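Take 2 as the starting number for the sequence shown in the numbering used here and just add one per residue.
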Amino acid sequence: MDFSLSPQEARIEADARAFAREVLAPRIAETDLGAFPFESLREAGRRGLLGVKIPQQYGGLGASMVAHCSVIRELSSVCPSTTVALAVSNMVADMVLAFGSEAQKASYLKPLCSGDLVVGAFALSEAGAGSDAASLRTRAVKANRGGVDGYVLDGSKMWITSGDVAGLVLVMAKTDPSVGARGITAFLVDKGTPGFEVGRHEEKLGLRGSSTVSLSFTDLFVPESQRLGPEGAGFSVAMTALDGGRCGIGAQALGMGRSALEACAKHVERRKAADRAQGTEQLTQFRIADMAVKLEAAWWMVLRAASLKDAGKKMSREAAMAKVMGSEAANDVCRMAMELAGAAGLDRTSPIARAFRDVRVSRIYEGTSEVQRLVIARSLVQP
Ligand SMILES: Cc1cc2nc3c(=O)[nH]c(=O)nc-3n(C[C@H](O)[C@H](O)[C@H](O)COP(=O)(O)OP(=O)(O)OC[C@H]3O[C@@H](n4cnc5c(N)ncnc54)[C@H](O)[C@@H]3O)c2cc1C
2 MDFSLSPQEA
12 RIEADARAFA
22 REVLAPRIAE
32 TDLGAFPFES
42 LREAGRRGLL
52 GVKIPQQYGG
62 LGASMVAHCS
72 VIRELSSVCP
82 STTVALAVSN
92 MVADMVLAFG
102 SEAQKASYLK
112 PLCSGDLVVG
122 AFALSEAGAG
132 SDAASLRTRA
142 VKANRGGVDG
152 YVLDGSKMWI
162 TSGDVAGLVL
172 VMAKTDPSVG
182 ARGITAFLVD
192 KGTPGFEVGR
202 HEEKLGLRGS
212 STVSLSFTDL
222 FVPESQRLGP
232 EGAGFSVAMT
242 ALDGGRCGIG
252 AQALGMGRSA
262 LEACAKHVER
272 RKAADRAQGT
282 EQLTQFRIAD
292 MAVKLEAAWW
302 MVLRAASLKD
312 AGKKMSREAA
322 MAKVMGSEAA
332 NDVCRMAMEL
342 AGAAGLDRTS
352 PIARAFRDVR
362 VSRIYEGTSE
372 VQRLVIARSL
382 VQP
């Protein structure tokens with residue numbers, strides 16, 4: 002099995018590394034204090050990184066899922082906050098490409114890829130519907146307004162990444178509450194649509210430069226042309242998005258793990274006790290080796306899931322495995338780096354402390370570790 006990057010993938014990965022070094026690294030302190038990275042995302046758009054998998058005719062790079070994961074890992078090793086906004090936006094663009102009409106692709110893909118819409122947001126979760134997303138309560142009821150057929154949306158969403166800044170929000174709502182997940186429909190909602198309101202901004206432990214908000218929709222009218230895919234196909238849109246997204250979260254977590262490992266290795270090289278560098282102690286070396294093994298093993302799982310997606314194969318189980326493995330390995334590595342760094346790890350501005358705070362959420366969003374285990378187990382144990 003050959004998992005080496007193609008020349009195009011290797012070039013895109015190198016471009017992402019350069020973007021992270023030139024654009025993200027100089028702004029990391031302000032982003033970590035909560036400044037939303039508007040300028041970095043604009044530059045990401047100029048470099049094609051807001052549409053890695055979108056064909057060039059629609060303004061993207063026309064690359065693979067493997068390239069996408071490589072980009073996410075590179076960016077996240079420097080600024081996970083910017084990365085999460087960029088990753089969700091790529092996911093929204095991917096869904097417009099996969100499920101959109103020609104008119105929807107023509108209206109939305111170029112502005113999403115260029116950053117003209119700032120980013121896209123994905124609104125599935127609600128206060129009472131996190132892990133059990135199918136129990137969402139936002140309603141979409143058929144209506145005719147001013148002679149235009151469409152739907153009226155009412156309800157609220159919670160924990161929506163970039164929900165306040167996004168020019169386009171992909172919203173899941175129930176058109177038929179009597180049939181559970183089969184009654185969910187996806188809608189493309191433009192920023193500024195009457196009835197769209199941004200609520201509370203979450204004060205998070207980590208990923209502080211990423212904006213996470215609640216949204217509410219009151220008597221919000223969307224024409225039928227804004228429905229993404231057929232009525233009732235919304236859950237399948239969401240799950241397709243999450244299969245890709247979960248590989249991406251694995252990659253994102255591993256980027257953070259890598260930055261913690263690199264910072265930790267530098268620290269133990271320099272740190273001396275009784276005239277011996279901490280890094281020459283066998284216990285330290287074993288831990289460093291264990292950290293590297295965890296990250297490498299998980300990265301191969303991300304690549305495997307991504308390459309199945311590129312081959313057009315079903316990969317829900319492998320994506321769940323890549324997310325569990327990637328996020329848990331990275332959480333372990335960040336914790337081990339904190340331990341090896343001693344008091345230095347508590348410096349809030351150190352890359353180790355930042356990764357330790359930022360990485361926690363990778364076990365939660367796009368399905369918690371427990372939910373991934375359910376996905377994996379259900380593919381093996383039939384009821
Ligand atoms: C920073 C951040 C950004 C986010 N961005 C977005 C976004 O852009 N769009 C969006 O739609 N959502 C977003 N989310 C929401 C995220 O997807 C949910 O938080 C996640 O799905 C978990 O839901 P919950 O928080 O309601 O936890 P709950 O569902 O309440 O779960 C609580 C605990 O119970 C466990 N649990 C739940 N059900 C089971 C079960 N059946 N078996 C075993 N254990 C179970 C969970 O694993 C977890 O440990 C974001 C969340 C965060 C924190």
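Yeah, the Cβ is synthetic: ideal placement off N, Cα and C, and Gly gets one too. Quantities reported herein were computed from a predicted structural model and do not represent experimental measurements.
Buried versus exposed call for residue i [16 or more other C-beta atoms within 10 Å across all chains shown]
i	result
ASN145	exposed
HIS202	exposed
GLU75	buried
GLU220	It is Asp, not Glu, that sits at residue 220 in the sequence shown. Result: exposed.
MET2	exposed
TRP301	exposed
VAL142	exposed
ARG47	exposed
SER260	buried
PRO384	exposed
SER102	exposed
ARG22	exposed
ALA104	exposed
GLN58	exposed
LYS314	exposed
LEU381	exposed
ASP117	exposed
GLU340	exposed
GLY147	exposed
SER179	exposed
ARG364	buried
LYS310	buried
ASP244	buried
ARG271	exposed
SER226	exposed
GLU40	exposed
PHE123	buried
ALA354	buried
8 Å contact criterion, which residue i and residue j should meet: CB distance rounded
i	j	result
LEU50	PHE20	6 Å
CYS248	MET66	7 Å
GLY200	SER211	In fact, because the Cβ distance is near 17 Å, the residues do not count as touching under 8 Å.
GLY164	LYS175	Incorrect: roughly 19 Å between the Cβ atoms, too far for contact.
SER115	GLY60	6 Å
GLY121	LEU169	5 Å
ALA99	GLN9	The pair is not a contact, with the Cβ atoms about 21 Å apart (cut-off 8 Å).
LEU42	VAL89	Incorrect: roughly 11 Å between the Cβ atoms, too far for contact.
PRO224	GLY151	4 Å
VAL97	LYS111	Actually they do not touch by this definition, with Cβ atoms about 11 Å apart.
GLY256	ILE73	7 Å
PHE218	THR139	7 Å
LYS54	ALA64	6 Å
ASN332	ARG361	7 Å
HIS268	ALA330	Incorrect: roughly 20 Å between the Cβ atoms, too far for contact.
Opposing strand residues paired with residue i [DSSP bridges]
i	result
THR213	THR162
LYS143	TYR152
THR186	ALA174
PRO224	GLY151
VAL199	LEU216
LYS273	ALA278
GLY121	LEU169
GLU127	ALA130
LEU229	ALA187
SER157	SER217
Counting Cβ pairs closer than 8 Å, one from the segment 158-175 and one from the segment 126-138, do we hit at least three?
yes
Would you check if the segment 291-299 and the segment 347-362 touch, i.e. whether three or more CB-CB distances between them fall below 8 Å?
no
Quick test of the definition: if touching needs 3 or more C-beta pairs under 8 Å, does the segment 185-197 touch the segment 250-257?
no
Are there three or more Cβ pairs, one per stretch, closer than 8 Å when the segment 266-284 is compared with the segment 132-141?
no
At least three beta-carbon pairs within less than 8 Å, the segment 361-378 to the segment 320-329
yes
Is the segment 313-322 close to the segment 79-86, with three or more CB pairs under 8 Å?
no
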